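From first to last, the protein sequence lines are chains A and B. With UniProt numbering, the residue at position 76 of the first sequence is 76, and numbering never jumps. With UniProt numbering, the residue at position 97 of the second sequence is 97, and numbering never jumps. Note that beta-carbon positions come from the ideal geometry of N, C-alpha and C, so glycine has one too. Please read these numbers as outputs of a predicted model, since none were measured by experiment.
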Amino acid sequence: MESDDDYYEDDIDPDDYDDGHNFDNEDVEVDEGYLGESSVDARISSYNPDLGDDDPYPYECLSADKVVGLMNEIIREVNDIVNIPSTTLRILLAHFNWDKELLLEKYYEYEGNQERIFAEAHVISPLKSKSLARRKSGRSIEQACEICCNNYSSSFMTGLDCGHSFCKGCWSQYLCTKIIDEGMSQTISCPEFECDIIVDDAVVMNLITDQKVCRKYQHLITNSFVMCNPLLKWCPAPDCHHVIKVEYRDKRPVKCECGREFCFDCGESWHDPVLCMHLRKWLKKCDDDSETSHWISANTKECPKCQVTIEKDGGCNHMVCRNQACKHEFCWVCLGPWDPHGASWYNCNRYNAEEAKKARDLQESSREMLQRYLFYCNRYMNHLQSLKFEHKLYARIKRKMEEMQQLNMSWIEVQFLKRAVDVLCQCRQTLMYTYVFAFFLKRNNQSIIFEGNQADVEKATELLSEYLERDVTTASLGEIKQKVQDKYRYCDSRRNVLLRHVHEGYDKDWWEYIETS
Amino acid sequence: MAGLPRRITKETQRLLSEPVQGISATPDENNLRYFHVTINGPKDSPFEGGVFKLELFLPEEYPMAAPKVRFNTKIYHPNIDKIGRICLDILKDKWSPALQVRTVLLSIQALLSAPNPDDPLANDVADNWKRNEAAAIKTAREWTQKYAMSGGQ
Ligand SMILES: [Zn+2]
Ligand SMILES: [Zn+2]
Ligand SMILES: [Zn+2]
Ligand SMILES: [Zn+2]
Ligand SMILES: [Zn+2]
Ligand SMILES: [Zn+2]
């Protein structure tokens, strides 16, 4: 393992700065003000072990309106090439999952027999439809609607190019049912039995009078456009109606205007270093095992010495018993005494196979699996919980920053504190996902190195967390800045070492995974 | 018949005046959306000779939504479960408001002639049907005799 002294040289490369995170540079946030103070920090922060230096991941954040615009733009583009009414084109495009290249390819492949493409997409070919519809509508003065059995003048009867017509009242009711009750949009077909001709959007907008239904329809259309399009993804944040648009699909982090950062590939929070596939399995397991994991996420534990109930109210794992007569110092995660946690031989993060063996002798192997799961789950949940608490720390640090500014430090000079909390949160998030990674990992030489790196980040993170939570309020200003910067830079460098190692393992096939049920 | 849509009135009239062979459907006195239905087991099927009672209800959304139909007579059939629910596409995703009670009942009658164990609702029955069709047909015949012939329930 590398010594602690060489981390600056090791991990900071001035060229690392410009990666995908900074794509939307025009709205640089206030909290990036530290750039002016210490660009070195910025370089560390945006280093992504996954990427080469010249490998940004460009993306755009679009409002729902812009998505509709994008959809119409695609329709226009294709329309310029093939002369098909845009309503029909929208259905064709939806049929080809909005892959306009594929549509055009097929369109020309079927040259001379283009009826086929329309039939496959369940629309009447616009080349021959006009005559059919006209013949039908111009026929009689009174017509019976097959759905409601009432007679109407033919002007109140309408239909698609298939020639089946129904009264406008029935049409509107039919569309409402499909849209509101069944959530359908681009696959609504003619109401006639076994007629699969699809209703185009112009017909829908024409026949529906209820604004609410119109909005729902438009939303559904947009949604299916986004769902079909592999380069688009809804922001997963609740109530956020933004869409991220990328140039090519990848397992990369993207950040929505609302602040939510997520994995473009799977839509979960950015989860480096664990693979999407494993995260999905893990989350499913957590759901299935919610009963067992319930107690894990609880915020109270008993002091291992005096049994007084202790509530965790900060992110730091170094607990001091509130009982003044006890004051026992212990680790929240393993409940072991805190003392050895500083020592290099102590590994609170390493699942002790010896212990597990004992457990297996006593219980069946399923119990061992559960314990193994609980072991990783416990640590995962712990970081998740700590992350939820860090907003309190943000508030406290903000007060501290104001205090320091009153003591003649400039705004820019005090940004290091916020940066420190940012790094802390990043480390916790990374650590959290390393336990998911570890859960699926088979033991081998590389996994042991990984655990060593993980232990380093754990230790560094706890030191930073503890310093920010406790000492920062008591130490002198000059001392604080130096210490905080040292600590968070160290954290960040350890985190990068860890991530880089895992990614190297992906590239070189080091990782072997356990079978899980 | 206050509040009953014209469509339902017309369908009811036609069901009564031009009944389909082997099928009867009579609206309930107290609820004109509820029909007492009988279907005769089709010729050359294991249900032949049986008279099967069903209930059919036209929900508020009818005809935008399909009628609700259920067998009241016990029947051994891979697409009909223990409590008489029917697995039939036109009662679900293939429903069209242009379909009618008449067409629904005809389809159910056809389902009795041609059980479809590949789209089962009653899994155990479908399994038997696929593994040993002769035995399954024998059971279906026995059930028909026991439950769907005079003296049965
Ligand atoms: Zn009508
Ligand atoms: Zn049609
Ligand atoms: Zn968002
Ligand atoms: Zn992912
Ligand atoms: Zn204590
Ligand atoms: Zn510990």
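Same chain, Cβ closer than 8 Å to Arg14 of chain B, five either side skipped, listed in chain order: Arg102.
Distance cut-off 7 Å: Glu257 of chain A Cβ against heavy atoms of ligand 3: Correct: Glu257 of chain A has its Cβ closer than 7 Å to ligand 3.
Under the three-state DSSP convention, the category Gln143 of chain A falls into: strand
Own chain partners of Trp338 of chain A with C-beta closer than 7 Å, once the 5 adjacent residues on each side are dropped: His318, Glu329, Phe330, Cys331, listed in sequence order.
Meets three-Cβ-pair contact criterion under 8 Å: the region 211 to 222 of chain A and the region 66 to 77 of chain A: yes
Cβ of Phe193 of chain A within 8 Å of any chain B Cβ: Yes, Phe193 of chain A counts as interfacial toward chain B.
Limits of the beta strand (DSSP E) - the one that residue 158 of chain B falls within: Examination of residue 158 of chain B is not possible in this model, given that chain B is present from 1 through 153 alone.
CB contact check: Lys10 of chain B to chain A, cutoff 8 Å: Judged by the 8 Å Cβ criterion, Lys10 of chain B is in contact with chain A.
Ligand 2 heavy atom lying under 7 Å from the CB of Glu192 of chain A: Under cutoff, so the answer is yes.
Ala237 of chain A beta carbon near ligand 7 (any heavy atom closer than 7 Å): As presented, the structure is devoid of ligand 7, carrying ligand 1, ligand 2, ligand 3, ligand 4, ligand 5 and ligand 6 as its sole ligands.
is_contact[Glu29 of chain B, chain A] using C-beta, thresh 8 Å: False, the Cβ-Cβ gap to chain A never drops below 8 Å.
Chain-ordered neighbours of Glu512 of chain A on chain B, where CB pairs are closer than 7 Å: None at all; the shortest Cβ gap to chain B is about 39 Å.
CB contact flag (Cys190 of chain A, Val204 of chain A, <8 Å): No, they are not a contact pair.
Cutoff 8 Å: Asn150 of chain A Cβ touching any chain B Cβ: yes
Start-end ranges of the alpha helix (DSSP H) lying completely within the UniProt domain "UBC core" (3 to 149) of chain B, minimum 4 residues: 6 to 17, 101 to 113, 123 to 131, 133 to 148
Assigned exposure category for Glu60 of chain B - 16 Cβ within 10 Å defines buried: exposed
7 Å Cβ cut-off: residues of chain A touching Met149 of chain B: The premise fails here: Met149 of chain B is roughly 34 Å from chain A at the closest Cβ pair, so nothing lies under 7 Å.
Contacts around Leu160 of chain A, its chain only, beta-carbon distance under 6 Å, and the 5 residues preceding and following it disregarded: Cys190, Ile197
Interface residues of chain B facing Thr177 of chain A [CB-CB closer than 9 Å]: Glu61, Met64, Ala65, Pro97
Those residues, in chain order, that have a beta-carbon closer than 7 Å to some heavy atom of ligand 4: Around ligand 4, the residues whose beta-carbon falls short of 7 Å from at least one of its heavy atoms are A:Lys251, A:Cys263, A:Asp265, A:Cys266, A:Glu268, A:His271, A:Cys276, A:Leu279, given in chain order.
Proximity of Trp234 of chain A and Val246 of chain A at Cβ, strictly below 8 Å: Not closer than 8 Å, so no.
Residues near Trp510 of chain A by beta carbon distance below 7 Å, same chain, minus five either side: Leaving aside the five residues that flank Trp510 of chain A on each side, the residues in its chain whose CB is nearer than 7 Å to its CB run, in chain order, Gln446.
Straight-line Cα distance separating Asn40 of chain B from Lys53 of chain B: 9 Å
Element boundaries [alpha helix (DSSP H), containing Thr88 of chain A]: 86 to 95
For Tyr47 of chain A, three-class secondary structure by DSSP: Confidence in Tyr47 of chain A is poor, its pLDDT being 38 and thus under 50, which makes the residue's placement unreliable; the coordinate value appears in the next sentence. Of the three classes helix, strand and coil, the one that applies to Tyr47 of chain A here is coil, per DSSP.
Classification of Gln173 of chain A by the beta-carbon crowding that lies within 10 angstroms, buried from 16 upward: buried
Neighbour list for Ile124 of chain A in chain B, Cβ cutoff strictly below 7 Å: The contacting residues do not exist; Ile124 of chain A stays about 18 Å from chain B at best.
C-beta atoms of Lys442 of chain A and Tyr376 of chain A nearer than 8 Å: no
Alpha carbon of Glu11 of chain B to alpha carbon of Lys92 of chain B, nearest angstrom: About 20 Å.
CB-CB length for Cys491 of chain A against Leu468 of chain A, believed under 8 Å: Going by Cβ atoms, the distance from Cys491 of chain A to Leu468 of chain A rounds to 11 Å, so no, they are not a contact pair.
Min CB distance Arg33 of chain B to chain A below 8 Å: no
Residues that DSSP places opposite Phe389 of chain A in a beta bridge: None; Phe389 of chain A has no bridge partner.
Counted within 10 angstroms of its Cβ, other Cβ atoms place Gly505 of chain A as buried (16 or more) or exposed: buried
Min CB distance Ile198 of chain A to chain B below 8 Å: no
Exposure of Thr144 of chain B, with buried meaning 16 or more beta-carbon neighbours within 10 Å: buried
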